[in-house]
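What follows is a set of notes on a single structure, which appears directly below.
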Amino acid sequence: DQQVKQNSPSLSVQEGRISILNCDYTNSMFDYFLWYKKYPAEGPTFLISISSIKDKNEDGRFTVFLNKSAKHLSLHIVPSQPGDSAVYFCAASPQTGANNLFFGTGTRLTVIP
Amino acid sequence: EAQVTQNPRYLITVTGKKLTVTCSQNMNHEYMSWYRQDPGLGLRQIYYSMNVEVTDKGDVPEGYKVSRKEKRNFPLILESPSPNQTSLYFCASKRISSSGANVLTFGAGSRLTVL
Chain A
111 DQQVKQNSPS
121 LSVQEGRISI
131 LNCDYTNSMF
141 DYFLWYKKYP
151 AEGPTFLISI
161 SSIKDKNEDG
171 RFTVFLNKSA
181 KHLSLHIVPS
191 QPGDSAVYFC
201 AASPQTGANN
211 LFFGTGTRLT
221 VIP
Chain B
2 EAQVTQNPRY
12 LITVTGKKLT
22 VTCSQNMNHE
32 YMSWYRQDPG
42 LGLRQIYYSM
52 NVEVTDKGDV
62 PEGYKVSRKE
72 KRNFPLILES
82 PSPNQTSLYF
92 CASKRISSSG
102 ANVLTFGAGS
112 RLTVL
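Protein chains in written order, with the numbering used here: chain A, 111 to 223; chain B, 2 to 116.
Okay, structure coming up:
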């Protein structure tokens with residue numbers, strides 16, 4: 111059973127607008143949440159993370175929001191650029207040093223010039 | 002450059018023919034793992050290793066073996082591949098970020114087709 115879910119397989123956004131990617135999880139024991147970006151023929155690369163004790167983390171154009179009561183997190187990209195077109199994976203980890211990351215199924219973002 | 006290198010990148014083989022996918026990292030990370038990516042299922046962990054000579058099963062270990070004789074290398078072995086092992090495979094090593102998050106660095110992937 112998927113503990114981390116990304117219900118939108120794809121998203122298209124105009125260049126310069128905001129992209130919002132969503133992720134839901136079921137396990138309340140998750141302590142850390144991460145977003146990875148994946149280009150074709152490459153491995154996923156780490157983008158941004160957030161601890162469960164925070165509700166927001168920002169890094170340049172990328173902001174992750176965490177709503178623990180709803181078991182929901184989102185990644186905001188502002189402004190979106192064509193180079194952001196990729197598959198985005200949400201991941202969750204039970205604790206520091208845990209042996210596994212639980213991944214969602216990914217959302218393909220297309221930024222239209 | 003810090004990286005995880007895996008080979009081969011692409012492989013087509015037949016059922017039952019043993020194969021090995023190699024993985025090497027140059028970041029001196031103790032933890033390494035293997036994932037497979039399948040449509041609609043995301044990335045699922047196959048095996049992981051906490052350190053040299055220490056390995057353990059992940060979520061989908063059936064049909065796979067691993068070994069960790071050196072810190073930098075973590076090969077994935079398919080003793081008798083079957084068509085349901087057709088997948089995209091990723092090797093990864095892990096560091097802990099300053100905030101405590103487990104951050105994986107992935108290789109570029111190995112696309113395996115078993116006929």
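Beta carbons are placed, not taken as given, at the ideal position from N, Cα and C, and that holds for glycine. Just so we're clear, the structure is a prediction, and the values are computed from it rather than from any experiment.
Drop a sphere of 10 angstroms on the beta-carbon of residue i, count the other beta-carbons inside from all chains shown, and report buried for 16 or more, exposed for fewer.
i               : result
Q26 of chain B  : buried
M33 of chain B  : buried
S190 of chain A : buried
P82 of chain B  : buried
S159 of chain A : buried
Q54 of chain A  : The structure shown does not extend to residue 54 of chain A, since chain A is modelled only from 111 through 223, so no value can be given for it.
A151 of chain A : exposed
V197 of chain A : buried
I47 of chain B  : buried
Y11 of chain B  : exposed
Straight-line CA distance for residue i to residue j?
i               : j               : result
A201 of chain A : T6 of chain B   : 22 angstroms
R96 of chain B  : V15 of chain B  : 36 angstroms
G153 of chain A : Y146 of chain A : 10 angstroms
D39 of chain B  : T215 of chain A : 9 angstroms
L20 of chain B  : N117 of chain A : 35 angstroms
G170 of chain A : N209 of chain A : 29 angstroms
V55 of chain B  : R69 of chain B  : 7 angstroms
R37 of chain B  : F212 of chain A : 12 angstroms
S98 of chain B  : L144 of chain A : 11 angstroms
Q4 of chain B   : D57 of chain B  : 23 angstroms
L113 of chain B : M139 of chain A : 34 angstroms
L116 of chain B : N85 of chain B  : 10 angstroms
Y149 of chain A : G43 of chain B  : 15 angstroms
My guess is that residue i and residue j are in contact by the Cβ rule of under 8 angstroms, so how many angstroms apart are they, rounded?
i               : j               : result
H186 of chain A : I222 of chain A : In fact, because the Cβ distance is near 18 angstroms, the residues do not count as touching under 8 angstroms.
E31 of chain B  : N52 of chain B  : 5 angstroms
G59 of chain B  : Y49 of chain B  : 6 angstroms
L77 of chain B  : V67 of chain B  : 6 angstroms
T217 of chain A : L131 of chain A : 5 angstroms
Nearest chain A C-beta to residue i closer than 8 angstroms, yes or no?
i               : result
S25 of chain B  : no
L116 of chain B : no
Y49 of chain B  : yes
F91 of chain B  : yes
F107 of chain B : yes
N1 of chain B   : Past the edges of chain B, shown from 2 to 116, lies residue 1 of chain B, and the structure says nothing about it.
L42 of chain B  : yes
S100 of chain B : yes
Q86 of chain B  : no
G64 of chain B  : no
Comparing the C-beta of residue i with each C-beta of chain B, is any distance below 8 angstroms?
i               : result
Y135 of chain A : no
S118 of chain A : no
A151 of chain A : yes
K198 of chain A : Correcting the residue type first, residue 198 of chain A is Tyr in the shown sequence and not Lys. Not an interface residue.
N209 of chain A : yes
F172 of chain A : no
F175 of chain A : no
L144 of chain A : yes
G126 of chain A : no
F140 of chain A : no
G216 of chain A : yes
Quick check: the stretch 208–223 of chain A against the stretch 113–132 of chain A, are there 3 or more CB pairs under 8 angstroms? Taking 8 angstroms as the limit for Cβ pairs, the verdict is that the stretch 113–132 of chain A does touch the stretch 208–223 of chain A.
Are there three or more Cβ pairs, one per stretch, closer than 8 angstroms when the stretch 178–196 of chain A is compared with the stretch 128–144 of chain A? They touch, by the three-pair rule.
At a cut of 8 angstroms, does the stretch 81–94 of chain B reach the stretch 108–116 of chain B through at least three beta carbon pairs? Touching, per the Cβ criterion.
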